[in-house]
Amino acid sequence: MKKLFIAIMVMMAVTSCNSFKINVNLENSNGKTVYLQRYDGEKMNNMDSVVAKDNQAVFKVKKSDNNDAFCLMVNGWRRPLTFFADNQNVTIEGDYQNYNGINVLASESQEKLNIFMKKANDIEDEQKTYYYVLDFVKQNIDNPLGAYALYRYKWAFELGELEKLYSLMPENMQSGYKIELAKYVENVKKTSPGKKYIDFTQNDVNGNALSLSDVVGKSKIIILDFWASWCPDCRKANPELVALYNKFKDKGLDIVSVSLDTDAEKWKKAIADDNLSWKNHVSDLKGWGNEAAGLYTIAFIPQTLVIDANGMILDKNLPFEKLEDLISNIVK
């Protein structure tokens with residue numbers, strides 16, 4: 002009996018050495034399904050799921066040579082929480098309802114990421130953000146931390162520089178974000194000025210299917226607008242969009258707005274509150290997973306593309322004054 006007990010203890014010790022735990026403690030998460038995710042090749046897959054009990058969930062993960070990031074997703078979040086474990090125990094704590102205030106205690110890699118993200122989020126100037134991120138990426142160009150940082154802040158980089166930095170990463174580096182970065186670069190090329198628009202179909206506020214091709218060609222010029230009711234910068238930009246529409250709607254301007262919302266009522270309320278009077282409002286209510294946003298590689302919002310009557314993309318993300326000048330020259 003004693004030998005059996007010792008054998009069991011040895012097996013438990015070996016199992017413990019071959020695995021680590023991810024301990025999740027999030028206030029207000031009781032009863033929510035918590036998903037542990039990781040890239041498997043080119044797809045983000047659910048590794049496991051646990052229903053939070055007493056605001057807690059625990060995952061046991063087998064150690065491996067793969068040091069790529071993990072992701073934690075909870076029902077109701079718009080995007081997953083990325084972290085690096087490095088085969089060590091992880092503690093994730095905070096409030097389910099305060100995504101930006103969640104703390105991750107884990108490996109040395111995670112500590113580097115925590116410091117980096119805190120400083121990057123505190124920088125308000127876009128150019129300073131670019132230089133700070135660039136320096137971090139260069140320091141970590143040979144590991145998944147660099148790939149994640151570059152993908153996370155890809156909006157700060159010109160296409161050519163993204164391609165150059167990508168080319169410096171080791172070919173055999175295991176990183177789902179490196180794969181996503183390559184796909185992002187290729188898709189940006191497909192929706193660059195001079196390219197033909199990509200069609201999509203989503204439901205409008207009344208649940209009726211509307212395709213972009215239903216609108217293209219019926220007006221002299223179209224603004225394809227990506228936004229969301231929960232996005233402060235979008236709401237601040239909406240008055241300018243409304244002013245443009247009111248000024249040029251009778252001269253050949255139309256707008257197609259794609260919302261990255263998940264709540265239909267909040268989406269509809271924002272349309273009414275911001276006086277977005279054009280009729281072409283669509284969404285699949287998948288948040289950042291919006292399929293049209295994926296086709297147009299939308300990494301931040303608000304974003305706009307200008308499409309002419311022939312379906313050609315003329316420009317994208319123009320400042321208000323330049324956007325107004327472009328529209329004025331076309332509809333005159």
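First residue of the sequence shown? That's 2 in this note's numbering, and the numbers climb one at a time after it.
Glycine is no exception: its CB is placed at the ideal position from the N, C-alpha and C atoms.
Keep in mind the model is a prediction, meaning the values are calculated, not measured.
From which residue to which residue does the beta strand (DSSP E) around residue i run?
| i | result |
| --- | --- |
| Gly95 | Val91 to Asp96 |
| Glu292 | Run containing Glu292: none in the beta strand (DSSP E); it sits in the alpha helix (DSSP H), Glu292 to Leu296. |
| Met74 | Phe71 to Val75 |
| Asp49 | Lys44 to Val52 |
| Leu106 | Asn104 to Leu106 |
| Thr202 | Thr202 to Asp205 |
| Asp41 | Thr34 to Asp41 |
| Phe85 | From DSSP, Phe85 is part of no beta strand (DSSP E); its letter is neither H nor E. |
| Lys317 | Ile314 to Lys317 |
Looking at the secondary structure, which residues open and close the alpha helix (DSSP H) in which residue i lies?
| i | result |
| --- | --- |
| Met118 | Glu109 to Asp123 |
| Leu213 | Where Leu213 is concerned, there is no enclosing alpha helix (DSSP H), given that its DSSP letter is neither H nor E. |
| Ile328 | Phe321 to Val332 |
Strictly under 8 Å for the Cβ-Cβ distance: is residue i near chain D by that measure?
| i | result |
| --- | --- |
| Asn104 | Checking the listed chains, one finds no chain D in this structure; it contains a single protein chain. |
With a cut-off of 8 Å on the beta carbons, I'd call residue i and residue j a contact; round off their distance for me.
| i | j | result |
| --- | --- | --- |
| Glu127 | Ala150 | Not a contact, Cβ separation roughly 16 Å. |
| Asn47 | Val91 | Going by Cβ atoms, the distance from Asn47 to Val91 rounds to 17 Å, so no, they are not a contact pair. |
| Leu182 | Lys155 | 7 Å |
| Met174 | Pro194 | That belief does not hold up - the Cβ atoms of Met174 and Pro194 are roughly 32 Å apart, past 8 Å. |
| Ile314 | Tyr198 | 6 Å |
| Trp268 | Asp274 | Not really, about 11 Å apart at Cβ, beyond 8 Å. |
| Val75 | Ser30 | 6 Å |
By alpha-carbon positions, which one of the options ends up nearest to residue i?
| i | options | result |
| --- | --- | --- |
| Lys252 | Asp226, Ile331 and Trp279 | Ile331 |
| Asp255 | Ala294, Val243, Lys184 and Glu187 | Val243 |
| Tyr40 | Ser50, Asn29 and Asn68 | Asn68 |
| Glu109 | Leu327, Lys120 and Asn88 | Asn88 |
| Lys22 | Asn56, Pro81, Thr83 and Ile93 | Ile93 |
| Phe71 | Gly290, Ala107 and Glu266 | Ala107 |
| Tyr97 | Asn19, Ser193, Ala53 and Asp49 | Ala53 |
| Trp78 | Tyr100, Ala86, Phe60 and Gln57 | Tyr100 |
| Ile105 | Glu172, Lys120 and Asn26 | A small correction: the amino acid at residue 105 is Val; Ile does not occupy that position in the sequence shown. Closest option to Val105, Cα to Cα, is Asn26. |
| Leu245 | Asp262, Lys139, Ile223 and Ala229 | Ile223 |
| Cys18 | Lys44, Lys63, Ile103 and Asn239 | Lys63 |
| Phe85 | Asp123, Asn115 and Asn76 | Asn115 |
| Thr202 | Lys129, Val283, Ile124 and Leu166 | Val283 |
| Leu421 | Glu187, Gly147, Leu296 and Lys190 | Residue 421 lies beyond the stretch modelled for the chain, which goes from 2 to 333, so this question has no answer here. |
| Asn207 | Lys250, Ala265, Cys235 and Tyr178 | Ala265 |
| Lys221 | Gly32, Ala310, Pro171 and Glu325 | Ala310 |
| Ala238 | Ile272, Val217 and Lys139 | Ile272 |
Quick one: what's residue i bridged to in DSSP?
| i | result |
| --- | --- |
| Thr130 | DSSP output for Thr130 lists no bridge partner at all. |
| Ser20 | Lys63 |
| Ser220 | DSSP output for Ser220 lists no bridge partner at all. |
| Ala300 | DSSP lists no partner for Ala300. |
| Ile308 | Ile223 and Ile314 |
| Asn26 | Gln57 and Glu94 |
| Lys197 | Met313 |
| request: Give, in chain order, every unbroken run of the alpha helix (DSSP H) that is at least 4 residues long and sits entirely within the segment 132-178. | output: 145-153 and 160-168
| field | Segments of 3+ residues assigned as beta strand (DSSP E) that fall wholly inside the segment 246-280 | value | Taking only runs of at least 3 residues, the beta strand (DSSP E) segments lying wholly in the segment 246-280 are 254-260.
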